[in-house]
Amino acid sequence: MENTVLLYDSAEDILTASKLIRKGNVVGIPTETVYGLGADALNPEAVKKIFKAKGRPADNPLIVHIYKIEEADKLGHDIPNIFYRLAAIFWPGPLTMIVPKNDIIPAETSGGLDTVGIRMPSHRVMRELIRLTGPIAAPSANRSGYPSPTSAAHVMNDMNGKISAVIDGGESRFGVESTVISFDDENTVRILRPGSVTSEMLMEHADNVIIDDAILNDIAEGREAPSPGMKYKHYSPQADVKIIDGDFENFCIYVNNNQGINTFCLLFDDDDTNKINCRYVTYGSDSSQQAHNFFAKLRELDSLNADRIFVRPPQKDGVGLAVYNRLLRAAGFEVIRV
Ligand code: TXA
Ligand code: MG
-8 MENTVLLYDS AEDILTASKL IRKGNVVGIP TETVYGLGAD ALNPEAVKKI
42 FKAKGRPADN PLIVHIYKIE EADKLGHDIP NIFYRLAAIF WPGPLTMIVP
92 KNDIIPAETS GGLDTVGIRM PSHRVMRELI RLTGPIAAPS ANRSGYPSPT
142 SAAHVMNDMN GKISAVIDGG ESRFGVESTV ISFDDENTVR ILRPGSVTSE
192 MLMEHADNVI IDDAILNDIA EGREAPSPGM KYKHYSPQAD VKIIDGDFEN
242 FCIYVNNNQG INTFCLLFDD DDTNKINCRY VTYGSDSSQQ AHNFFAKLRE
292 LDSLNADRIF VRPPQKDGVG LAVYNRLLRA AGFEVIRV
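Going by our numbering, the sequence shown opens with residue -8, and the numbers climb by one from there.
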């Protein structure tokens, strides 16, 4: 067990974090999507420590975070033009693009794949950290399988004693992880994980945008996952999560008839809570608010010892699709229609 130091967003603390990472340590880092566990992307021994701290399967690759576009050319090869066009529009920001990897990326970082996911984050502290350090590999900073952290306190909760430090850079702005895409060909974008760069936004800049099947469905029997993360159970709090899809009247009837001992509802801010005979928390009234709050609310429900959570699902377009994808995974893809 090492003592996890809490750092702040001062120049001095960012420099301290950079030195820790350059020496091969793991640091909890703020980004605009969720908090990450950062290590030197080119140092296999450092990267192994990330997998150990998270309890993450070794075949699940890490995203490499860069400071400027030229670094992408060092990390990957045969990069299609559309990569640069999308980078010019959406970077720095919550978009990860997968390209064939160069040898300088160790197999530990890429989970043994011959590709690498690259992202240029926009969070001020994270940018400064990468500028000082070089490319940083970082998955979300949760214990593997649990909800992603959107504050330094969440990271401390999961990682205290397992990593060298955490930088507190405030609450994550978006609250869901980056959109992950690959390229089927020069004009076809495949969305492997939806995020705050939405399919609607990508469609304005690519001829074809495919939403991979695994975003709304469990990975089909016999199909190799295009992204290893799709294979694993994800984002689950301790409680049993149930999606109750239908209008609010029917949601209330269902919940009022199916309560257990420690049942909670996860509702919209503007739902009429007089109609519900159950404890509840709310997670916003539009998709961006719901994205911002979703993981934090799952963690809050854990701390309330919820054993069952009935959730009002978000919209299934725009940023709502990103939230719905996380919710489906937390619920094991089961939807109760009312
Ligand atoms: O917003 C984010 O992306 C955050 C912050 C810290 O940047 N990071 C993050 O990393 O969410 P992680 O490891 O929790 O999720 C990355 C996902 C995983 O499902 C992984 O399987 C997939 O992206 N992925 C990474 N590299 C890939 C590759 N080369 N091919 C296919 N999928 C890849
Ligand atoms: Mg993750």
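No residue lacks a Cβ here, since even glycine has one placed at the ideal position from N, Cα and C.
Given the structure is predicted, the values throughout are model-derived calculations rather than measurements.
Problem - Collapsed DSSP secondary structure at F165 in the structure displayed - result: coil
Problem - From D50, D0, S142, residue whose alpha carbon lies closest to that of A216 - result: D50
Problem - Limits of the beta strand (DSSP E) - the one that S294 falls within - result: No beta strand (DSSP E) contains S294, which is instead part of the alpha helix (DSSP H) from 278 to 294.
Practice task
Mind the definition here: the segment 152 to 167 touches the segment -6 to 12 only if three or more C-beta pairs lie below 8 Å; say whether that holds.
Solution key: yes
Problem - Cβ-Cβ separation, G84 to S113 (assumed contact under 8 Å), whole Å - result: 5 Å
Practice task
Just list the alpha helix (DSSP H) runs in the segment 195 to 274, keeping only unbroken ones of 4 residues or longer that don't cross its boundaries, in chain order.
Solution key: 239 to 248
Problem - Bridge partners - D149, DSSP secondary structure assignment - result: Paired residue(s): none; D149 is not in a bridge.
Practice task
Taking only heavy atoms of the ligand MG into account, decide whether any of them is closer than 7 Å to the Cβ of E240.
Solution key: no
Practice task
Compute every distance between the C-beta of P185 and the non-hydrogen atoms of the ligand MG, then say whether any falls below 7 Å.
Solution key: no
Handout entry: Closer than 7 Å: I158 CB and nearest the ligand TXA heavy atom
Key = no
Practice task
Look at the Cβ atom of I70, then the Cβ atom of V90, and state whether they are nearer than 8 Å.
Solution key: yes
Handout entry: Where the beta strand (DSSP E) containing V326 begins and where it ends
Key = 326 to 328
Handout entry: Identity of the residues DSSP links to M88 by a beta bridge
Key = I109, I172
Problem - Neighbourhood of P228 by C-beta distance below 8 Å, restricted to the same chain and skipping five residues each side - result: Y137, P138, L289, R290, L292, D293, A297, I300, A321
Problem - C-alpha distance - K40 paired with R47, whole-angstrom precision - result: 10 Å
Handout entry: Beta-carbon proximity check, P130 vs K224, cutoff 8 Å
Key = no
Problem - Sequence ranges, alpha helix (DSSP H) only - wholly within the segment 293 to 323, length at least 4 - result: 309 to 321
Problem - G15 vs A32 beta-carbon contact at 8 Å - result: no
Practice task
Taking W82 as the reference, give the member of Y315, N72, I57, K65 with the closest Cα.
Solution key: I57
Practice task
Would you check whether the ligand MG has a heavy atom nearer than 7 Å to the C-beta of P219?
Solution key: no
Practice task
Verify the CB distance criterion: does V329 have a CB-CB separation below 8 Å to chain C?
Solution key: Protein chain content of the structure displayed is limited to a single chain, and chain C is not contained in it.
Handout entry: Cβ-Cβ distance between I234 and M221 below 8 Å
Key = no
Exercise for the section: Kindly list the residues whose CB is nearer than 6 Å to the CB of P52, restricted to its own chain and excluding five residues on each side of it in sequence; keep chain order. Expected result: S101, G102, L104
Problem - Start and end residues, beta strand (DSSP E) containing L28 - result: 27 to 31
Problem - beta strand (DSSP E) segment containing R181, residue limits - result: 179 to 184
Practice task
Please report how far the alpha carbon of R303 lies from the alpha carbon of T273, in whole angstroms.
Solution key: 9 Å
Problem - Short Cβ contact (8 Å threshold) for R76 with H196 - result: yes
Handout entry: Endpoints, the beta strand (DSSP E) within which A156 is located
Key = 156 to 158
Problem - Where L(-3) sits in the DSSP three-state scheme - result: strand
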